[in-house]
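Numbering (the UniProt record's numbering), first residue to last: 1 to 465.
All residues carry an ideal CB built from backbone N, CA and C; glycine is no exception.
These figures come from a predicted structure and were not determined experimentally.
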Amino acid sequence: MALKVSIDHRSTSPTSLLAPLPSITSYSIPFRVPGSQRDRHMLHYFCVQGSNDISGFLNCDFWSQTVLQESHQDPTVRQALVAMSSIHLHYSTPGTSENSVVSTEILAQYGKALRSMKMRLSKPSQDTVKVALICCIMFYCCEGALGSRDAALQHLRNGLNLLIATKNDPREKILWDIQTISSVFERLDMQASFFEDDRTPVLTLPELRPGETKPGTFTFEDKFARIQDAQQSLVRLQAWLYHFVDKNADFHDEAMDSLPLSIVQEKAVIMEAYDSWITAAKHLEAEVPNDTEYLEGIKTLLVQYHICRMIMESKFPNDPQVFGASPNPSAHKVLDLAQALLHPKVLSEESFKVRERSRPKYSLETGVVAPLFALALKCSDESVAIRATQMLGSLQRREGLYDSQTMARIIAALKDTRDQEMCIKQQFNGESKEVTALEYHLPSSYLGGGIDKLLSSMDLVRLVN
1 MALKVSIDHR
11 STSPTSLLAP
21 LPSITSYSIP
31 FRVPGSQRDR
41 HMLHYFCVQG
51 SNDISGFLNC
61 DFWSQTVLQE
71 SHQDPTVRQA
81 LVAMSSIHLH
91 YSTPGTSENS
101 VVSTEILAQY
111 GKALRSMKMR
121 LSKPSQDTVK
131 VALICCIMFY
141 CCEGALGSRD
151 AALQHLRNGL
161 NLLIATKNDP
171 REKILWDIQT
181 ISSVFERLDM
191 QASFFEDDRT
201 PVLTLPELRP
211 GETKPGTFTF
221 EDKFARIQDA
231 QQSLVRLQAW
241 LYHFVDKNAD
251 FHDEAMDSLP
261 LSIVQEKAVI
271 MEAYDSWITA
281 AKHLEAEVPN
291 DTEYLEGIKT
301 LLVQYHICRM
311 IMESKFPNDP
321 QVFGASPNPS
331 AHKVLDLAQA
341 LLHPKVLSEE
351 SFKVRERSRP
361 KYSLETGVVA
371 PLFALALKCS
381 DESVAIRATQ
391 MLGSLQRREG
401 LYDSQTMARI
411 IAALKDTRDQ
421 EMCIKQQFNG
431 ESKEVTALEY
441 HLPSSYLGGG
451 IDKLLSSMDL
461 VRLVN
């Protein structure tokens, strides 16, 4: 019988768990743990803070239940969890610089976890697939916190390949809850596609087939039972959007009357799905109006929803006014949501900045960093770009592969480039030019491929690694 455990994040204050190791005399761990005092310290940290931070703005059963249950039963998962918690604590400790070297002890613990997983794969058992999938997620988290994005993506590819093979193998008898783990992989799959813009998600492929009016792989909801259901539905909408844009890239610049009917019809169905999602999400928002943590999750999803809807509205046919309008009330609406989420009303903006800078945060989940970066990059309305960049700069937050400070540096460098170009044109032409979105000022050497390749083309890699 599986141990049913969950975490109460309110049992210990964040400041107490960051005290020196010997000061902890009791542990908020829902089971007895073999191993060293440091192992117990790291699991204690995970229970009272790490899990909450890693989950981001939405509670996640994988972190609050699945990982703990499996770490209680399996030493390989436990070693991976201890290593991940150690790395996360290093990243989150006040005063730790972005480029500070992780201690030999922490890296040795991580290496031990990797070797344990390798040994486990060499001697497979009934639970090996489940353990490997869980560890792939934790290793992705480790590498993300370390800033090793290529290594993180390799762990994700390993996990996705194993998950797909497991689901497609008729001989595989899945005797465990694969859906909770699969849901995390769907979100990371989408996150990787945000980060590498020439990549499309591999797990979900909702699309219209000939003769269909709605895709068989996507459910149009009129109400969500849980906020996690709304999150998963939105992830699948995002995947659908990415596949739709990718497969129709050759028609990107075509006028409406030149688009194939199939593209027009599928876009209409996607927009209908977005309408359905927002209606169902508003029901969720109305159900628990006074639950701050719950409403934070809703606001996070709404930020992501509005960005993706704007992207969809701007394409097929190309509509430059969606992001090019100035003023741009739709973009400011997204920023208002993000600001309400990041800047609690009880705190002034200045005290918020002090609080955020005092303790860096790393979350595995996509939150607001990527949407803020998208607005700063794509909007011609200078007030939108300024607000989004200020929010990014005031945060010390990493969400998966997206780091707020790195994104702020990219935007600042692009703005400098644009302003210099405008100044030169003004000197030659004698008139001021209209401000254009920063995405039109990417380096000519950048041919796509995502953030890392953009950093390389801008010679910013040395500033962020």
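- Query: Near K112, what residues of its chain come up, given a Cβ to Cβ distance below 8 Å and the 5 sequence neighbours on each side ignored?
  - Reply: Q79 and A83
- Terminal residues of the alpha helix (DSSP H) in which Y45 lies: Q37 to Y45
- Task: Give the straight-line distance between the Cα atoms of residue 467 and H243, rounded to the nearest whole angstrom.
- Result: This structure cannot speak to residue 467, because the chain is shown only from 1 to 465.
- Might you give, ordered along the chain, the residues of its own chain that have their beta carbon closer than 6 Å to the beta carbon of A374, omitting 5 neighbours on each side? I307
- Task: Could you check the C-alpha separation between N290 and E272 for me, to the nearest Å?
- Result: 30 Å
- Taking the alpha helix (DSSP H) that K361 falls in, what are its first and last residues? Per DSSP, K361 belongs to no alpha helix (DSSP H); it is in the beta strand (DSSP E), K361 to S363.
- Close beta carbons around E196, own chain, < 6 Å, minus the five adjacent residues each side: G450
- Query: Expressed to the nearest angstrom, what Euclidean distance is found between the alpha-carbon atoms of K433 and Q427?
  - Reply: 11 Å
- Task: To the nearest angstrom, report how far apart L81 and S258 are at their CA atoms.
- Result: 54 Å
- Task: Taking only the alpha-carbon atoms, compute the straight-line gap between D452 and S122 and give it to the nearest angstrom.
- Result: 33 Å
- Item | Environment of K267 [buried if 16+ CB atoms lie within 10 Å] | buried
- Task: Determine the burial state of C423: buried for a count of at least 16 other Cβ atoms within 10 Å of its Cβ, exposed for fewer.
- Result: exposed
- Excluding five sequence neighbours on each side, which residues of the same chain lie with their C-beta closer than 7 Å to the C-beta of Y91? A145, P360 and Y362
- Message: Tell me which residue opens and which closes the beta strand (DSSP E) that R397 is part of.
- Response: R397 to E399
- Length of the line joining the Cα atoms of L342 and G56: 12 Å
- Message: For a test of the three-state rule: what should DSSP assign to S258, helix, strand or coil?
- Response: helix
- Between the segment 321-341 and the segment 405-416, do three or more beta carbon pairs fall short of 8 Å? no
- Message: Could you compute how far the alpha carbon of V48 sits from the alpha carbon of I54?
- Response: 12 Å
- What residue does the alpha helix (DSSP H) around V184 start on, and which one ends it? I178 to F195
- Using three-state DSSP, classify D403 as helix, strand or coil. strand
- For the alpha helix (DSSP H) that Q389 lies in, which residues bound it at each end? It should be pointed out that residue 389 corresponds to Thr in this sequence rather than to Gln. Counting along the chain, the alpha helix (DSSP H) containing T389 begins and ends at E382 to S394.
- Just the Cα atoms here: how many angstroms apart are L455 and N161? 28 Å
- Rounded straight-line distance, which links the Cα of E296 to that of L414: 31 Å
- Assess, as a yes-or-no matter, whether the segment 100-107 is touched by the segment 62-70 under the definition of 3 or more beta carbon pairs within less than 8 Å. no
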